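What follows is a set of notes on a single structure, which appears directly below.
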Amino acid sequence: MQPGGASLGEGRRRAANAIRNDLGAAMGSEGRWELQLIGGWQLRRDHVPVKVAMRQQRLVAALALYGRQSRAFLAGLLWPDSSESQAAGSLRESIFLINKHLPGLLGQTADPLDLSRAVSVDVLDVRMRASRLQDHPGLNRGLLHLVEDADLLPGWYEDWVVAEQERWQRLRLTVLERLARQYLDQGNTEQAMEAARAATMIEPLRESAQRLLMQACLAEGNHAEALRLYQSFRVRLRREFGVAPSAIIADLIGPLLMDDAGSERKVR
1 MQPGGASLGE
11 GRRRAANAIR
21 NDLGAAMGSE
31 GRWELQLIGG
41 WQLRRDHVPV
51 KVAMRQQRLV
61 AALALYGRQS
71 RAFLAGLLWP
81 DSSESQAAGS
91 LRESIFLINK
101 HLPGLLGQTA
111 DPLDLSRAVS
121 VDVLDVRMRA
131 SRLQDHPGLN
141 RGLLHLVEDA
151 DLLPGWYEDW
161 VVAEQERWQR
171 LRLTVLERLA
181 RQYLDQGNTE
191 QAMEAARAAT
201 MIEPLRESAQ
211 RLLMQACLAE
221 GNHAEALRLY
231 QSFRVRLRRE
241 FGVAPSAIIA
251 DLIGPLLMDD
261 AGSERKVR
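At position 98 of the sequence shown (counting the first as 1) the number is 98 in the UniProt record's numbering, and the numbers step up by one without a gap.
Encoded structure:
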């Protein structure tokens, strides 16, 4: 069974609050909904966790991720193996229960459906911040902690969720690499290394992420680690794809390779 969700860690909670404040998303505490999909499902009203049945969780998550949608689309998405009439009936029941037990969570229109504007969604917060990150580097506060180790709806395996999980992973990679570059430019090698390493954990054979991690090591003066990363990456590329690292990485690590070869000749 798909899990009902898990609460955010304290660091991630503070980061999420910082992002909402920076984007001016706060709308007052009364009737304020907070929907967490990163790291597990959790819905809060006025900061108090609310219990939601699994079927209703799926509908709310779909509206959060897909935005305003017709009833026909949602019924087919959430109940693909049911007949059209059965799916429509299941959707009507879920809408009725949400409106009964969670009044104010859904928008005012009957069709198409949408979440209320009073609902803050963590995934949408991150997407908004990511879209502005390149032009506004100062918006990176708290973002690293939200994306470095954060799966979308872990334990959910429906096709539509898997597609959104893959989209989320691509966004995480983009954000982490962009943060790593910004931290390198700022001389913050520790944060650059943390962001780049998180990116390599998502895609170990992604050269851009590996290159950023090596650059962070070099900027910190840790040449041995940079050389180790290069050798490991080179071996894995050769084993998996039968190719060598690009000339960009080779040029980056080349001086270390020459130093290493020179040291070996001296030892001999």
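Here a beta-carbon is modelled for each residue, glycine too, at the ideal position from N, C-alpha and C.
Just so we're clear, the structure is a prediction, and the values are computed from it rather than from any experiment.
Length-filtered (4 minimum) alpha helix (DSSP H) runs lying within the UniProt domain "Bacterial transcriptional activator" (121-257): Within the UniProt domain "Bacterial transcriptional activator" (121-257), the complete alpha helix (DSSP H) runs of at least 4 residues are 122-133, 143-147, 159-186, 189-202, 207-220, 223-241.
Local conformation of residue 274 per DSSP, three classes: Since the first and last residues shown for the chain are 1 and 268, residue 274 lies out of range.
Three CB pairs or more closer than 8 Å across the segment 199-207 and the segment 235-251: Touching, yes, given that three or more Cβ pairs across the two stretches are closer than 8 Å.
As assigned by DSSP and simplified to three states, the class of L91: DSSP places L91 in helix when its eight states are reduced to three.
DSSP-derived helix/strand/coil call for Q42: Residue state, collapsed to three classes: strand.
Cβ-based burial, M193 [other Cβ within 10 Å; buried from 16]: Buried is the call here.
Outcome for E148 when other beta-carbon atoms lying within 10 angstroms are tallied against a minimum of 16: In this structure E148 is buried. Its beta-carbon is surrounded by 16 or more other beta-carbon atoms within 10 angstroms.
Residues bridged to E34 [DSSP beta-bridge criterion]: Note: E34 sits in a beta bridge opposite R44, S120.
Cβ contact (3+ pairs, closer than 8 Å) linking the segment 156-165 and the segment 173-184: Put simply, the segment 156-165 does not touch the segment 173-184. Fewer than three CB pairs are less than 8 Å apart.
Bounding residues of the alpha helix (DSSP H) (the contiguous stretch that carries G76): DSSP places G76 inside the alpha helix (DSSP H), whose first and last residues are 71-78.
Burial state of M214, where buried means 16 or more other Cβ atoms lie within 10 Å: Residue burial annotation: M214 is buried, with at least 16 other C-beta atoms found within 10 angstroms of its C-beta.
Pairwise C-alpha distance: N99 and G107: Cα-Cα distance, rounded: 10 Å.
Whole-angstrom C-beta distance between L153 and A61, which should lie under 8 Å: Going by Cβ atoms, the distance from A61 to L153 rounds to 7 Å, so yes, they are a contact pair.
Which of helix, strand or coil DSSP assigns to L105: The DSSP-derived three-state label of L105 is coil.
DSSP three-state assignment for A25, whether helix, strand or coil: Note that A25 has pLDDT 37, beneath the 50 cutoff, so the model's placement of it is unreliable and the number below is only indicative. Taken through DSSP and simplified to helix, strand or coil, A25 comes out as coil.
Alpha carbon of R132 to alpha carbon of L146, nearest angstrom: For R132 and L146, the distance between alpha carbons rounds to 16 Å.
Pairwise C-alpha distance: P112 and F96: Pairing F96 with P112, the inter-Cα distance amounts to about 15 Å.
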